[in-house]
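Below you'll find the structure, written out as structure tokens, and then a few comments.
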Amino acid sequence: MTDLSKQDNHALLCHMNIVLEDGSTADSTKASGKPARLNIGDNSLSPAFEAQLKGLKAGDKHKFTLAPQDAFGESNPDAIHYMDRSRFPADMKLEAGVIVSFAGPGGSEIPGIVRDTAGDSITVDLNHPLAGHTVTFELDVVSVITE
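Read left to right, the sequence shown gives residues 1351 to 1497 (our numbering).
The following block contains the structure:
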């Protein structure tokens, strides 16, 4: 059996649309004009996602659909927190859909989405916004980067 782990370490620079089941576009690199870098072989992508990228070359177009566990993960109920309004700045507008930022380990920022407000109780969801969704990826490969 050949050890593919070392020879498969490379990256694709791609323009990418992420499309939800209802056909709406959740995200697109074309809007920013900056292609996404997809690193292959460093465990940053799920095995199912990486399998879809194998053999792609510059100029290729590829469309595939992944279930939640292979894309952005399932929604984790432990990542939903009920917080008191006093933990937020007094002038912050807190309503469903607002994205708030929390300090994470090492100075990183963790985004959360306000899901509900009830009196002084604020429901914040720290799951990835696309967690729990089946999504379709539409890739246009710009280049292959080997390092």
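Note that beta-carbon positions come from the ideal geometry of N, C-alpha and C, so glycine has one too.
Following the continuous beta strand (DSSP E) through residue i, name the residue where it begins and the one where it ends.
{"i": "A1361", "result": "1360-1370"}
{"i": "A1489", "result": "One detail in the question is off: residue 1489 reads as Leu in this sequence, not Ala. 1485-1496 is the extent of the beta strand (DSSP E) around L1489."}
CA-CA distance, residue i and residue j?
{"i": "F1487", "j": "R1465", "result": "26 Å"}
{"i": "N1477", "j": "A1446", "result": "15 Å"}
{"i": "P1418", "j": "S1436", "result": "34 Å"}
{"i": "L1363", "j": "Y1432", "result": "39 Å"}
{"i": "D1475", "j": "A1381", "result": "26 Å"}
{"i": "S1458", "j": "F1452", "result": "8 Å"}
{"i": "S1396", "j": "V1450", "result": "27 Å"}
{"i": "D1410", "j": "G1391", "result": "20 Å"}
{"i": "I1472", "j": "I1463", "result": "10 Å"}
{"i": "H1365", "j": "A1421", "result": "17 Å"}
{"i": "K1356", "j": "E1497", "result": "Legend: pLDDT at K1356 = 44, less than 50; position of this residue unreliable, value from coordinates given subsequently. Going from the Cα of K1356 to the Cα of E1497 covers about 11 Å."}
{"i": "A1498", "j": "H1360", "result": "Residue numbering for the chain in the displayed model covers 1351 to 1497; residue 1498 lies beyond these limits and cannot be assessed."}
{"i": "L1489", "j": "L1388", "result": "11 Å"}
{"i": "L1444", "j": "S1493", "result": "42 Å"}
{"i": "T1415", "j": "T1375", "result": "13 Å"}
{"i": "D1377", "j": "G1456", "result": "27 Å"}
{"i": "Q1402", "j": "D1434", "result": "43 Å"}
{"i": "N1393", "j": "G1469", "result": "42 Å"}
{"i": "E1400", "j": "T1467", "result": "39 Å"}
Using DSSP with H/G/I as helix, E/B as strand and the rest coil, what is residue i?
{"i": "K1413", "result": "strand"}
{"i": "S1382", "result": "helix"}
{"i": "D1392", "result": "coil"}
{"i": "S1374", "result": "coil"}
{"i": "D1353", "result": "With a pLDDT of 36 at D1353, under the threshold of 50, the modelled position of that residue is not reliable, and the figure given next carries that caveat. In the structure shown, D1353 sits in coil (DSSP, three-state: anything other than H, G, I, E or B)."}
Give the range of the alpha helix (DSSP H) segment to which residue i is assigned.
{"i": "P1397", "result": "1397-1403"}
Say whether the segment 1404-1411 touches the segment 1426-1445, bearing in mind that this needs 3 or more beta-carbon pairs closer than 8 Å, one atom from each stretch. no
Going residue by residue through the segment 1411-1469, where are the continuous beta strand (DSSP E) segments of at least 3 residues, counting only ones entirely within it? 1411-1416, 1430-1434, 1449-1453, 1459-1468
If contact is defined by three or more beta carbon pairs under 8 Å, each pair taking one atom from either stretch, is the segment 1366-1373 in contact with the segment 1479-1486? yes
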